[in-house]
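**Q** In terms of numbering that gives the first Met the number 0, the sequence shown opens at residue 0 and continues consecutively. The beta carbon of each residue, even a glycine, is placed where N, CA and C say it ideally should be. Structure incoming, see below.
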Amino acid sequence: MFPAETFSLRLRASSFLTTPMLTRGDAIGLAQMLVRIDSRNPSLVPGGPGEEAVARGLAETLAGWGFQVEVREVKPGRPNVIARVGRQGGRSLMLNGHLDVVGTEGMRHEPFGASERDGRLYGRGAADMKGGIAAMCAAAARVAGSVAGEVIVAAVVDEEYESAGTSGLLEGGVRADAAIVTEPTGLAIMPAHRGFVWIEVTLHGRAAHGSRYDIGVDAIRSAGLLLYELDIMDATELIRRTHPLLGHASLHASEIVGGVGWSTYPDRCVLRIERRTLPGETEDSVLQEVRDICNTIQLRRNDFRADVDLVFAQGPSDVAVDAPITRALAVAIEQEGYEARIEGMSAWTDAALLNDAGIPAICFGPGDISLAHSDEEWIDIRELERATRTLARLIEIWGSGE
Ligand SMILES: [Zn+2]
Numbered sequence: 000m001f002p003a004e005t006f007s008l009r010l011r012a013s014s015f016l017t018t019p020m021l022t023r024g025d026a027i028g029l030a031q032m033l034v035r036i037d038s039r040n041p042s043l044v045p046g047g048p049g050e051e052a053v054a055r056g057l058a059e060t061l062a063g064w065g066f067q068v069e070v071r072e073v074k075p076g077r078p079n080v081i082a083r084v085g086r087q088g089g090r091s092l093m094l095n096g097h098l099d100v101v102g103t104e105g106m107r108h109e110p111f112g113a114s115e116r117d118g119r120l121y122g123r124g125a126a127d128m129k130g131g132i133a134a135m136c137a138a139a140a141r142v143a144g145s146v147a148g149e150v151i152v153a154a155v156v157d158e159e160y161e162s163a164g165t166s167g168l169l170e171g172g173v174r175a176d177a178a179i180v181t182e183p184t185g186l187a188i189m190p191a192h193r194g195f196v197w198i199e200v201t202l203h204g205r206a207a208h209g210s211r212y213d214i215g216v217d218a219i220r221s222a223g224l225l226l227y228e229l230d231i232m233d234a235t236e237l238i239r240r241t242h243p244l245l246g247h248a249s250l251h252a253s254e255i256v257g258g259v260g261w262s263t264y265p266d267r268c269v270l271r272i273e274r275r276t277l278p279g280e281t282e283d284s285v286l287q288e289v290r291d292i293c294n295t296i297q298l299r300r301n302d303f304r305a306d307v308d309l310v311f312a313q314g315p316s317d318v319a320v321d322a323p324i325t326r327a328l329a330v331a332i333e334q335e336g337y338e339a340r341i342e343g344m345s346a347w348t349d350a351a352l353l354n355d356a357g358i359p360a361i362c363f364g365p366g367d368i369s370l371a372h373s374d375e376e377w378i379d380i381r382e383l384e385r386a387t388r389t390l391a392r393l394i395e396i397w398g399s400g401e
């Protein structure tokens with residue numbers, strides 16, 4: 000536990016005992032440093048160390064680069080780093096990235112080695128998303144002296160589990176006029192992504208000896224009836240709900256558990272479903288659709304009994320392609336001399352929470368999302384540097400209010 004104010008004072012006094020000082024604005028050096036510090040999310044990986052060490056390392060580096068740094072604990076041993084440069088009063092920009100990484104089982108290279116090979120930096124989190132954090136921090140550092148508005152660098156915990164970091168950031172009152180979430184988009188602008196809803200359906204049957212069709216009710220077969228209807232809904236209805244950047248709404252069965260043995264009618268079966276939602280769909284509307292399907296089945300099978308429960312949900316995110324932040328980023332990209340591609344993001348990100356809080360947030364960052372969570376993860380060093388230069392330009396464009 001280190002309260003924000005005392006920590007920033009202590010930083011100045013301690014003069015960076017634990018972290019070798021990096022040159023101000025060195026994106027590649029910072030990416031390497033961050034990848035070398037294991038920050039596996041302990042809510043996903045039993046025994047994972049969490050973000051404390053990486054947060055301290057980043058906080059010390061940013062304090063050394065002239066940022067005003069706060070370290071705010073969200074849960075024990077799980078601190079967000081909030082670092083500011085520039086001037087209050089102008090347009091403010093938040094750069095947001097998550098410090099946690101997923102597990103390393105089965106990886107084909109040293110997960111925390113941060114080795115460099117063929118112009119790539121290898122390691123867990125290199126793409127998702129310590130490369131993005133390094134780019135955003137280095138970009139802000141490079142233009143800190145000249146920027147007209149305020150830049151808030153938010154390196155947050157726990158995005159890979161339940162986003163306690165960005166939730167805590169918003170609960171703590173941190174706001175900005177717009178935000179970039181530097182998840183790996185391969186330098187495409189991604190202003191929208193889908194949400195998700197986790198639904199647990201408990202099918203109730205009646206236990207009986209396998210010979211007793213007269214009293215047994217098969218809960219697994221009830222799950223089959225529901226799966227059949229869900230399949231039809233996915234193939235006929237959800238496929239028609241589309242978004243220009245995001246494709247269509249969808250669902251899949253995630254898990255099914257039930258049955259006790261060959262000669263017993265199962266009294267219970269639990270079916271877990273994930274529904275990916277488009278802007279406009281809500282967790283309530285999605286739950287109601289599943290309940291309606293259950294009610295329809297019950298009309299023709301009166302022994303069908305199902306409880307439909309919400310387990311967890313995160314909303315979709317949708318910023319207009321002509322919103323000020325999207326346009327400003329496109330200008331920054333063009334000034335850097337490459338094509339501004341606007342695409343949909345496949346995965347969910349913290350941008351949804353920022354948007355919900357009234358901060359228009361879009362995704363843009365270095366790295367290939369398909370390498371995230373995979374057995375080989377790396378980031379292209381030239382792409383990392385290009386992202387840094389683009390973000391530095393964006394900070395200037397945004398701050399000048401063009
Ligand atoms: Zn990520």
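#1: Can you determine whether any heavy atom of ligand 1 sits closer than 7 Å to the C-beta of D217, and answer yes or no?
#2: Spatial neighbours of L8 within its chain, please: CB distance less than 6 Å, with the 5 preceding and 5 following residues excluded, ordered by chain position.
#3: Just to confirm, is the Cβ distance from V318 to I361 under 8 Å?
#4: Put S253 into one of helix, strand or coil per three-state DSSP.
#5: My guess is that T165 and E159 are in contact by the Cβ rule of under 8 Å, so how many angstroms apart are they, rounded?
#6: Comparing C-alpha positions only, which one of F66, P75 and R23 sits nearest to S42?
#7: Just to confirm the assignment, what range does the alpha helix (DSSP H) spanning A331 have?
#8: Would you mind reading off the limits of the alpha helix (DSSP H) that contains W197?
#9: On the CB-based measure, 16 or more other CB atoms within 10 Å of its CB, does I214 come out buried or exposed?
#10: As a quick exercise: from A140, R55 and D302, pick the residue whose alpha carbon is nearest that of E395.
#11: Using the beta-carbon count (16 or more within 10 Å), is N354 buried or exposed?
#12: Just the C-alpha distance for G398 and T325, rounded to the nearest angstrom, thanks.
#13: What's the call for Y337, buried or exposed, on a 16-neighbour Cβ count within 10 Å?
#14: Can you say whether H192 is buried or exposed, counting buried as having 16 or more other CB atoms within 10 angstroms of its CB?
#15: By the 10 Å Cβ neighbour count, where 16 or more other Cβ atoms means buried, how is N301 classified, buried or exposed?
#16: Tell me whether the beta-carbon of S262 lies closer than 8 Å to the beta-carbon of H203.
#17: Going by DSSP in three states, Y264 sits in which element: helix, strand or coil?
#18: Our contact map puts E376 next to L383 with C-beta atoms below 8 Å; I'd like the distance itself, whole angstroms only.
#19: Any chance the CB of E158 is under 7 Å from a heavy atom of ligand 1?
#20: For A178, which residues from the same chain have a beta carbon less than 6 Å from its beta carbon, with the 5 sequence-adjacent residues on both sides left out?
#21: Quick check: is any heavy atom of ligand 1 less than 7 Å from the C-beta of H97?
#22: So R405 and V216 are supposed to be a Cβ contact under 8 Å. How far apart are they, rounded?
#23: I need the straight-line Cα distance from R90 to D291, nearest angstrom please.
#24: Is E182 near ligand 1, judged by its Cβ being under 7 Å from some heavy atom?
#25: Please confirm whether V68 and A82 have their CB atoms less than 8 Å apart.
#26: Quick check: does the Cβ of M128 come within less than 7 Å of any heavy atom belonging to ligand 1?
#27: Classify G49: buried if its beta carbon has 16 or more other beta carbons within 10 angstroms, exposed otherwise.
#28: Which word fits S221, buried or exposed, when buried means at least 16 other C-beta atoms lie within 10 angstroms of its C-beta?
#29: Could you give the first and the last residue of the continuous alpha helix (DSSP H) run that contains G56?
#30: Tell me which residue opens and which closes the beta strand (DSSP E) that G96 is part of.
#31: Hey, would you say the C-beta of A206 is under 7 Å away from at least one heavy atom of ligand 1?
#32: Closer than 7 Å: is that where the CB of A371 sits relative to any heavy atom of ligand 1?
#33: Return the bridge partner residues of N79 from the DSSP annotation.
**A** On the basis of the data shown:
#1: If you number the sequence shown from 1, residue 217 lands on position 218. D217: no, Cβ never under 7 Å from ligand 1.
#2: For the purposes of this step, residue 8 is taken as the residue at position 9 of the sequence shown. Note that L8 scores a pLDDT of 37, beneath 50, so its modelled location is shaky and nothing firm can be said.
#3: Within the sequence shown, the letter at position 319 stands for residue 318. Within the sequence shown, the letter at position 362 stands for residue 361. Contact flag set, yes.
#4: The residue labelled residue 253 in the question sits at position 254 within the sequence shown. In the structure shown, S253 sits in a strand (DSSP, three-state: E or B).
#5: Counting from 1 along the sequence shown, the entry for residue 165 is found at position 166. Counting from 1 along the sequence shown, the entry for residue 159 is found at position 160. That pair is no contact at about 12 Å.
#6: Walking along the sequence shown from the start, residue 42 turns up at place 43. If we check each option's Cα against that of S42, P75 comes out closest.
#7: Locating residue 331 in the sequence shown gives position 332, where the first residue counts as 1. Counting along the chain, the alpha helix (DSSP H) containing A331 begins and ends at P323 to Q334.
#8: Translated into the one-based positions of the sequence shown, residue 197 becomes position 198. Careful: W197 lies outside any alpha helix (DSSP H), inside the beta strand (DSSP E) at G194 to H203.
#9: For this step, residue 214 is matched to residue 215 along the sequence shown. So I214 ends up on the exposed side.
#10: For the purposes of this step, residue 395 is taken as the residue at position 396 of the sequence shown. Closest option to E395, Cα to Cα, is A140.
#11: Taking the first residue of the sequence shown as position 1, residue 354 is located at position 355. Buried: at least 16 other Cβ atoms inside 10 Å.
#12: Your numbering for residue 398 matches position 399 in the sequence shown. Your numbering for residue 325 matches position 326 in the sequence shown. When rounded, the distance between both Cα atoms is 14 Å.
#13: The residue given as residue 337 occupies position 338 in the sequence shown. Per the 10 Å Cβ criterion, exposed.
#14: Counting from one through the sequence shown, the residue named residue 192 turns up at place 193. Per the 10 Å Cβ criterion, buried.
#15: Residue 301 sits at position 302 when you count from the first residue of the sequence shown. So N301 ends up on the exposed side.
#16: Counting from one through the sequence shown, the residue named residue 262 turns up at place 263. Counting from one through the sequence shown, the residue named residue 203 turns up at place 204. Not a contact, by the Cβ cut-off of 8 Å.
#17: Translated into positions along the sequence shown, residue 264 becomes position 265. Three-state DSSP puts Y264 in a strand.
#18: As a first step, residue 376 must be located in the sequence shown, where it is residue number 377. As a first step, residue 383 must be located in the sequence shown, where it is residue number 384. With 8 Å as the limit, E376 and L383 do not qualify as a contact, their Cβ atoms being about 13 Å apart.
#19: Locating residue 158 in the sequence shown gives position 159, where the first residue counts as 1. Yes, ligand 1 has a heavy atom inside 7 Å of this Cβ.
#20: To locate residue 178, count along the sequence shown from 1; it is residue 179. M93, N95, L353, I358 and A360, listed in sequence order.
#21: As a first step, residue 97 is located in the sequence shown; it is residue number 98 there, counting from the start. Correct: H97 has its Cβ closer than 7 Å to ligand 1.
#22: Any answer about residue 405 is impossible in this case: the structure gives the chain only from 0 up to 401.
#23: Residue 90 sits at position 91 when you count from the first residue of the sequence shown. Residue 291 sits at position 292 when you count from the first residue of the sequence shown. Cα-Cα distance, rounded: 47 Å.
#24: Taking the sequence shown and counting its residues from 1, the one referred to as residue 182 is at position 183. Answer for E182: yes, Cβ within range of ligand 1.
#25: Stepping through the sequence shown from its first residue, residue 68 is reached at position 69. Stepping through the sequence shown from its first residue, residue 82 is reached at position 83. Yes, these two residues count as a Cβ contact at 8 Å.
#26: Locating residue 128 in the sequence shown gives position 129, counting from the first residue. True, at least one ligand heavy atom lies under 7 Å from that Cβ.
#27: Taking the first residue of the sequence shown as position 1, residue 49 is located at position 50. Looking at its Cβ environment, which holds 16 or more other Cβ atoms inside 10 Å, G49 is buried.
#28: Residue numbering aside, residue 221 sits at position 222 when the sequence shown is read from its first letter. Result: buried.
#29: To locate residue 56, count along the sequence shown from 1; it is residue 57. Here the alpha helix (DSSP H) through G56 covers E51 to G63.
#30: The residue given as residue 96 occupies position 97 in the sequence shown. L92 to H97 is the extent of the beta strand (DSSP E) around G96.
#31: Along the sequence shown, read from residue 1 onward, the residue named residue 206 stands at position 207. Not so, every heavy atom of ligand 1 lies at least 7 Å from the Cβ.
#32: Here the question's residue 371 lines up with position 372 in the sequence shown. Yes; taking the cut-off as 7 Å, the Cβ of A371 has a heavy atom of ligand 1 nearer than that.
#33: The residue you call residue 79 lines up with position 80 of the sequence shown. Answer by DSSP bridge pairing, in chain order: R71.
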